[in-house]
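Participant: Here the sequence shown stands for residues 60 to 528, where the numbers follow the UniProt record's numbering.
Could you have a look at this structure, given as structure tokens, before my questions?
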Amino acid sequence: TSTSSYTVQNRSYHRDDWSNAPPVILSKIGRNLHLTPNHPISILRGIIESHFAEHTSVTPSTPIVSVYQNFDELGFAPDHPGRSLTDSYYLNREHMLRTHTSAHEVETYRSGLDAWLLSADVYRRDEIDSSHYPVFHQMEGTQVWPTTSLHELQKRNAELAKQLADCPLVIEDPTTISDSNPYQASHDPEHAAQITQHLKHSLNGLIFRLFGHTTQDGEPLKVRWIEAFFPFTTPSYEVEVWWNGEWLELLGCGVVMQKTLDQAGVSHKSGWAFGLGLERIAMVLFSIPDIRLFWSTDSRFLSQFREGEITTFKPYSRYPPCYKDMSFWVSPKQQAAVAASGSGTARVESRASAWERESGDNGGKEAGVSTAGGLEPSATTATTTTPVGGKDKAFHENDYCEIVREVAGDLVETVTLIDEFTHPKTGRQSKAYRINYRSMDRSLSNEEVNALHAQVQDRLVADMGIEIR
Ligand code: PHE
């Protein structure tokens, strides 16, 4: 990994002090689960595409986008937490692995399409558990109309309202707009209201299509709309469905910021956009218990699914897990960095809703509001932040998990913090993690896991400066 450039899809990217994309992650490029016939991710994509029959399907050819496309062009503030090296994968200061399909909004509007669905693999650094994987799939959907089409929208909304009235659906939707979730100043409120209505009808219809069959006889499906914040939409919402006794977050959406359409050269159009995580929905609809199964090449997994059908996954016997604990002192330098920056994990906790993982099910709602609402594209991009690399930066769980994954690959199932304390005399910080190893395809021997764990430990000592206790 000491070469001065990356080669990805036959293109070369120079490395710099911002590069943090590891080979294991880059090796996922091209798997294209969303385009693999009879794969649950692709089946779900297909069902959504058939629901939005007039929308054109778009599939970008590479997950590598400019930092500008992923963030600046969409109005993300220069200090937005999603930009940090602990949350995103960078090839260098200019190029990164897209963290969401919204990175393609401007170029797709620019191509002249008015109604489209774009599905793609997206990449985010995160913890490791059964519902988080650093590569997952999103689908972006949008529809825009010439600003002169108010009458047509009204007509269409009336039709959609009629169709939905026949569906056993209960929609909880307390506030359409508020001071913190306003229509755009440049929009005629009547027109913005019709776009918002069309967005709501369209997504309620989709959700009924996906989940309607799952309710008990006579029980209507419950959907709720919650005010949200995204730098590139207003008003903005998160939509949840009542599922197995709890609210399951499905997607983020809103009325497209006119600025985004201006940048695409289509100022005379306005409309809505949504982004949803395919894994999270597929796990629920197909009853798939572990997100790593999507990456399995085992025919016992792959042979169970058929294009166009939502079927219940029948678990086959899993190979036994094997866990190993690791207790260590955080490197004194990392600890100093934590003290200086407040907390190493604060960045994760303050992640705006746009950064909530799409595939997660661990209900822990992160603060949904980003106070960093700057909408000016910044000329400074990532260069405004100092890179934090190696042993001198604050200890961050995502870095720890990433190294574990770099060495152990998909053999690591979960990484869990099991103990944490500060030595009363020396003030040194101790942490203990439990790493659970399991193969999806074979039985692991204890010797093999010991060897692997030792390798993981050596890398953590070398890269993070931790001291094993
Ligand atoms: N890109 C947002 C995310 O990843 C979702 C979104 C898409 C929100 C489109 C609004 C409009 O969370």
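We put the beta carbon where it would ideally sit given N, CA and C, even for glycine.
This structure is a prediction, so every number in the text was calculated from the model and none was measured.
What does a CB cutoff of less than 7 Å around residue 213 pick up in its chain, not counting 5 residues either side in sequence?
Facilitator: Contacts found: 253.
Participant: Is residue 134 buried or exposed, if buried means 16 or more other CB atoms sit within 10 Å of its CB?
Facilitator: Looking at its Cβ environment, which holds 16 or more other Cβ atoms inside 10 Å, residue 134 is buried.
Participant: Considering only residues of the same chain and omitting the five flanking positions on each side of residue 363, which have a CB-CB separation below 8 Å?
Facilitator: Excluding sequence neighbours, residue 363 sits near 370, 372, 373.
Participant: Once DSSP output is grouped into helix, strand and coil, what is the label at residue 275?
Facilitator: Here residue 275 sits in coil by DSSP.
Participant: When the Cβ atoms of the region 378-389 are set against those of the region 495-512, are three or more pairs found closer than 8 Å?
Facilitator: Yes, the region 378-389 touches the region 495-512.
Participant: Cβ of residue 288 within 7 Å of any heavy atom in ligand 1?
Facilitator: No; taking the cut-off as 7 Å, the Cβ of residue 288 has no heavy atom of ligand 1 nearer than that.
Participant: Less than 7 Å between the CB of residue 159 and some heavy atom of ligand 1, yes or no?
Facilitator: Yes, Cβ of residue 159 sits closer than 7 Å to a heavy atom of ligand 1.
Participant: Closest by CA to residue 501, which one among 102, 452, 377, 100?
Facilitator: Selected option, being the one with the closest Cα: 377.
Participant: With distance defined between alpha-carbon atoms, name the residue in 266, 285, 208 nearest to residue 237.
Facilitator: The shortest Cα separation from residue 237 among 266, 285, 208 belongs to 285.
Participant: Compute every distance between the C-beta of residue 174 and the non-hydrogen atoms of ligand 1, then say whether any falls below 7 Å.
Facilitator: Answer for residue 174: no, Cβ out of range of ligand 1.
Participant: CB-CB under 8 Å to residue 350, same chain, minus the five flanking residues each way: which ones, in chain order?
Facilitator: If we look at residue 350 and ignore the five residues flanking it on each side, its Cβ neighbours are 189, 190, 191, 192, 195, 338, 342, 418.
Participant: For the candidate residues 276, 92, 122, 153, whose alpha-carbon lies nearest to that of residue 78?
Facilitator: Among 276, 92, 122, 153, the Cα nearest to that of residue 78 is on 153.
Participant: Any heavy atom of ligand 1 closer than 7 Å to the CB of residue 199?
Facilitator: Correct: residue 199 has its Cβ closer than 7 Å to ligand 1.
Participant: By the three-class DSSP mapping on this structure, what secondary structure does residue 311 have?
Facilitator: Residue 311 falls in the strand class under three-state DSSP.
Participant: Any chance you could list the beta strand (DSSP E) runs of at least 3 consecutive residues sitting entirely within the region 340-401, in chain order?
Facilitator: As far as the region 340-401 is concerned, its whole beta strand (DSSP E) runs of at least 3 residues are 381-388.
Participant: Figure out for me which residue from 303, 375, 329, 514 has the closest Cα to the Cα of residue 275.
Facilitator: Per the Cα distances, 303.
Participant: If you compare alpha carbons, which of 116, 92, 249 is closest to residue 208?
Facilitator: Out of 116, 92, 249, 249 has the C-alpha closest to the C-alpha of residue 208.
Participant: Can the beta-carbon of residue 198 be found closer than 8 Å to that of residue 107?
Facilitator: In this structure, residue 107 lies closer than 8 Å to residue 198 by Cβ.
Participant: Leaving out five residues on either side along the sequence, give the residues of the same chain with a beta carbon under 8 Å from the beta carbon of residue 172.
Facilitator: Closer than 8 Å at Cβ, skipping near neighbours: 115, 117.
Participant: Looking at the secondary structure, which residues open and close the alpha helix (DSSP H) in which residue 261 lies?
Facilitator: First-last of the alpha helix (DSSP H) with residue 261: 248-270.
Participant: Along the chain, where does the beta strand (DSSP E) containing residue 478 start, and where does it finish?
Facilitator: Run containing residue 478: 471-481, per the beta strand (DSSP E) assignment.
Participant: If I follow the unbroken beta strand (DSSP E) through residue 174, where does it start and stop?
Facilitator: Run containing residue 174: 174-182, per the beta strand (DSSP E) assignment.
Participant: So the candidates are 88, 82, 81, 62; which of them puts its Cα closest to the Cα of residue 68?
Facilitator: The candidate whose alpha carbon is nearest that of residue 68 is 88.
Participant: By the DSSP assignment, the beta strand (DSSP E) with residue 325 in it spans what residues?
Facilitator: Looking at the DSSP string, residue 325 is not in any beta strand (DSSP E), and its letter there is neither H nor E.
Participant: Between 493, 100, 483, 65, which lies nearest to residue 545 when the distance is taken from Cα to Cα?
Facilitator: Beyond the ends of the chain as shown, which are 60 and 528, falls residue 545; an answer cannot be given.
Participant: Which class does residue 131 belong to by DSSP, given the choice of helix, strand or coil?
Facilitator: Three-state result, residue 131: helix.
Participant: Going residue by residue through the region 183-236, where are the continuous beta strand (DSSP E) segments of at least 3 residues, counting only ones entirely within it?
Facilitator: As far as the region 183-236 is concerned, its whole beta strand (DSSP E) runs of at least 3 residues are 194-205, 228-231.
Participant: Closer than 7 Å to a non-hydrogen atom of ligand 1 - does that hold for the CB of residue 293?
Facilitator: No, ligand 1 has no heavy atom inside 7 Å of this Cβ.
Participant: By DSSP, does residue 144 sit in helix, in strand, or in coil?
Facilitator: Note: residue 144 maps to coil in three-state DSSP.
Participant: Measuring from the CB of residue 141, is there a heavy atom of ligand 1 at a distance below 7 Å?
Facilitator: Incorrect: residue 141 has no Cβ contact closer than 7 Å to ligand 1.
Participant: Below 7 Å, is the gap between the Cβ of residue 304 and the nearest heavy atom of ligand 1?
Facilitator: It does not: the Cβ of residue 304 is nowhere closer than 7 Å to a heavy atom of ligand 1.
Participant: Between the alpha carbons of residue 231 and residue 268, how many angstroms are there, rounded?
Facilitator: Rounded to whole angstroms, residue 231 to residue 268 spans 18 Å at the Cα level.
Participant: Does residue 356 pass the burial test, meaning 16 or more other C-beta atoms within 10 Å, or should it be called exposed?
Facilitator: So residue 356 ends up on the exposed side.
Participant: Using C-beta distances below 6 Å, list every residue in its chain close to residue 283, excluding the 5 sequence neighbours before and after it, in chain order.
Facilitator: Correct list, in chain order: 231, 299.
Participant: Applying the 10 Å Cβ sphere with the 16-neighbour rule, what's the burial state of residue 112?
Facilitator: Exposed, since its Cβ has fewer than 16 Cβ neighbours within 10 Å.
Participant: For residue 427, which three-state DSSP category applies?
Facilitator: Residue placement at residue 427 is poorly supported in this model, since its pLDDT is 29, which falls under 50; the coordinates still yield a value, given next. Coil.
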